[in-house]
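Read in order, the letters of the sequence shown correspond to residues 114 to 687 in the working numbering.
Heads up, the beta-carbon is just placed ideally off N, CA and C, and yes, glycines get one too.
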Amino acid sequence: MRTSKLRGKNELRKLDGFKFDTGQILLIISVAILIVTVALPMLMIIYNVFFYKWSFDWKLFAQMLTDPDNLMAMWNTIKIAFFVTALGTLVGLFFAWLIGRSDIPLKGLMKSLFVVPYMFPPFIGAMAWGLLLSPRSGYINKLFMSLTGGRTPLFNINSLAGIVFVEICYYFPFVFIQVSSALERMDPTLEESARIAGANQMTVIRKITMPLVVPAIAAGAMLILISSLSHFGVPAILGFSRNIFTLPTKIYELIYRSAGSFEGIRRGASLSVLLVIVVVLALALQRRLLQAGHYDIIRGKSMRPMLIKLRRFKIPMLVICLLFLGIIVVLPLFIIFAVGFLKAYGLPLKLENMTVENFKNVLFVSKMARDAIKNSFFLSISAGIITMLVGTMIAYVIVKIKPKGKGILEVLGLLPYSIPGIVLAVGVILTWSGALHINLYNSIWIILIAYIARYMAFSLKSASASLEQVHNSLEEASRSCGASHFESLLDVTMPLIRPGMVAGFFLIFLPSMRELTTSLLLYGPFTRTLGVAIYSINEEGNTVQACALAGVTILIIIAGEFILRLITRERKGR
């Protein structure tokens, strides 16, 4: 009798332990959140493309796949992505090697400046280059035609070549950052041994340096490829006027032309599946390249690598770097602010034609612009806080609790950022527009759900990196002193990873402030974001107002990046 009572008490304790175990609760919540925000939108796309009224139906997908216009859009997407990836990789690799391995002056300043294009929205860059190089009204083209007396522009930015050029300007930093990091971490004795053995500089670069940074080159190149395949803003701004479509812009055009009808959304979902297939093939290629090119280049602390002396090429190379930075960074920023101050678009860029009224209008007069700023701040702050907390919780489950199937949690968390934003938007529309008896369409909440899913990967990676630095013995010591699992998490782990969480917040806040692709399909009459407002105003032909609002957005991004750098620097200093 006593034994049975003890057994009953032990089983009750086990049941209570299971019921109130923090790890189990966090695991259940993490799975539920990822299913609702990530898995359901993807499943809804598949269901609506391949099923109709619960019956398998592949006719719509086959029809969309064989449509000549869609095939042309797919071909344009592949062509643009190929040239952007190839040329962007070469540009990023050249400048990464020049700054990381040569004795070029102003190295620290230029290393920071080469990352600047990564900070700014490519669609604003497309606006800037449109102002400079549109065939008839671009300032550079007008100057060129006036000097030559001809009617042929110097360069037509509204073309496939123009789209490729602009995307290269904003995507080459992916390779630059990856390769710069690899060169900094490379064991310099490998190159020095080759020199001692009699190899000249070109042989060392070709046979030692380049093979060792292949994984970094491949990783950066695949980031460019995936970003280009899924990008909407640049092809939309530069291609729509010439009927140049890519898969993302074609998806938008199908849904927009149908006024958001269910059939139009189904057609857009069909092309979304096609776009995902192309991106998945690119990801598979990335994994294969990285596996084939794995090299051990880090061997602990070592001396600084020997820098290559440029000698008489030092000043010419410095001029090339500064000229390149001036063209891709300074010139677009200048034209955006300069046109934002103009009284009317097309006037010469002179002081007598400048006014601050455009900035006053977007900040204090225009209700749409003010609402867009408020909406973007609300969405960015809300998405930053929620995604940071949820991502930290999921990262804790993956890193510390390590349940069975943790790989599925990680894949679900990273999936939304691996797929195109416009595909995620289509899935969110299909999920939260009444299909589950919850209709959030045209509300700000549907955009917030999409942002949370879209940027979960940022929080997950940032929190995982911080949690891996916190040894398990710290929590175990706390629990051995009588603290519960939750108390140990709250009092020990959370304070230690707080800097990483704050950095994760800004990593979500900044891209949310400039986001366009996902928001463009989800916004309603009163829920425009900054990206949508800039795009809409520019499409309406009110160029000076669009530039003024773009200038405000750039200033917000610069302020956010400055704060993020301060936090990161403080975190490294501890």
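Taking a cut-off of 8 Å for Cβ pairs, the stretch 328-343 and the stretch 493-510 do not touch, as fewer than three such pairs fall below it.
Contact between Ile532 and Leu244 is absent: CB atoms are separated by about 32 Å, not below the 8 Å threshold.
Nearest to Ala538 by C-alpha distance, out of Ile562, Pro638, Glu523 and Gly595, is Ile562. Between Leu211 and Ile514, the C-beta spacing is not below 8 Å.
In this structure, Ala329 keeps its C-beta atom at 8 Å or more from the C-beta atom of Ala307. In this model, Asp170 and Ala382 are separated by some 14 Å (Cα to Cα).
Annotation for Pro638: no alpha helix (DSSP H) segment contains it, and DSSP assigns it neither H nor E. Its Cα nearest to that of Ile378, the residue Ile159 stands out among Ser354, Phe345, Ile159 and Ile253. Here the C-alpha atom of Trp188 lies approximately 8 Å from the C-alpha atom of Thr359. Annotated as proximal: Ser341 and Thr198, with beta-carbon spacing under 8 Å. In this structure Phe278 is buried. Its beta-carbon is surrounded by 16 or more other beta-carbon atoms within 10 angstroms.
For the pair Gly213 and Met185, the Cα-to-Cα distance works out to about 41 Å. Distances from the CA of Pro612 to each of Pro218, Ile650, Leu623 and Ser572 were compared; the closest alpha carbon is that of Ser572. For Ala548, same chain residues with a beta-carbon under 7 Å away, outside a window of 5 residues either side, are Met157 in chain order. Within the model, the alpha-carbon separation for Leu387 versus Phe345 is close to 15 Å. DSSP, reduced to helix, strand and coil, places Ser247 outside both helices and strands of the structure shown, so it counts as coil.
Contact between the stretch 221-233 and the stretch 434-449 is present, with at least three C-beta pairs closer than 8 Å. Nearest C-alpha to Gly262 among Asn269, Asn254 and Phe268: Asn254.
Ser168 is bridged by DSSP to Tyr165. Taking Thr202 as reference, the option from Pro248, Gln137, Tyr284 and Ile499 with the minimal CA-CA separation is Tyr284. Listed in chain order, the non-local C-beta contacts of Leu200 below 6 Å within the same chain comprise Ile281, local neighbours out to five positions each way being set aside.
The C-alpha of Ala451 is placed about 23 Å away from the C-alpha of Phe227. Residue range Gly534 to Thr544 is occupied by the alpha helix (DSSP H) that includes Thr544. For Leu455, the three-state secondary structure derived from DSSP is strand. Residues of the same chain with a CB within less than 6 Å of the CB of Ser601, apart from the 5 flanking positions on each side, are Glu588, Ser591 and Arg592 in chain order. Looking only at Phe164, Phe675 and Leu668, the smallest Cα-Cα distance to Ala616 is reached by Phe675. About 12 Å separates the Cβ atoms of Ala485 and Arg627, ruling out a contact at the 8 Å cut-off. For Tyr568, no alpha helix (DSSP H) segment is defined, and its DSSP state is neither H nor E. Between the alpha carbons of Val317 and Leu325 lies a gap of roughly 11 Å. Inclusion of Leu609 and Val583 in the CB contact set at 8 Å is warranted, their separation being smaller than that value. It is roughly 10 Å from the alpha-carbon of Val475 to the alpha-carbon of Cys660. Per DSSP, reduced to three states, the secondary structure at Ser593 is helical.
Looking only at Ser579, Met481, Ser577 and Met240, the smallest Cα-Cα distance to Pro638 is reached by Met481. Cβ neighbours of Arg355 within its own chain (closer than 6 Å, five residues either side excluded): Asn271. Within the stretch 457-486, the runs of alpha helix (DSSP H) that reach at least 4 residues and sit entirely inside it are, in chain order, 470-473.
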